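**Q**
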Amino acid sequence: MDRFILTDAQWAKMEPLCLGKKTDRGRSGKDNRLFIEAVLWIARTSSPWRDLPTYFGHWNSVYSRYSDWMKA
């Protein structure tokens, strides 16, 4: 699973782009880094969302957040 984990340097570049920061209005993400890692897992494996390992959270919650992110 380590190859799906972002390094701290990679995360530092991605973090400002995430929706759901504490400074954003509306609901905030519980764990933005884990969300990004889940999206990367989907992209790297080409798996359907339903196959997302539970380590990343419930697949439908992650997918819904991804869908919102893509619309922003």
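Under our numbering, the first residue of the sequence shown is numbered 168, with each subsequent residue one higher. Every residue gets a Cβ at the ideal spot worked out from N, C-alpha and C, and that includes glycine. Computed from a predicted structure; not experimentally measured.
With DSSP collapsed to three states, give me the class of Leu201.
**A** Mapped onto the sequence shown, residue 201 falls at position 34. Three-state result, Leu201: helix.
**Q** For Trp226 versus Trp236, is the C-beta spacing smaller than 7 Å?
**A** On the sequence shown, residue 226 is found 59 positions in, with the first residue counted as 1. On the sequence shown, residue 236 is found 69 positions in, with the first residue counted as 1. No. Outside cutoff.
**Q** Let's test the definition: count the other Cβ atoms within 10 Å of the Cβ of Glu136 and tell me whether it reaches 16, buried, or not, exposed.
**A** Lying outside 168 to 239, the shown extent of the chain, residue 136 is not represented and no answer is given.
**Q** Should Ala210 and Phe223 be called a contact, given that it needs their Cβ atoms to be closer than 7 Å?
**A** Walking along the sequence shown from the start, residue 210 turns up at place 43. Walking along the sequence shown from the start, residue 223 turns up at place 56. Not in contact: Ala210 and Phe223 (Cβ atoms no closer than 7 Å).
**Q** Does DSSP put Pro183 in a helix, in a strand, or in coil?
**A** Looking up residue 183 in the sequence shown gives position 16. Helix.
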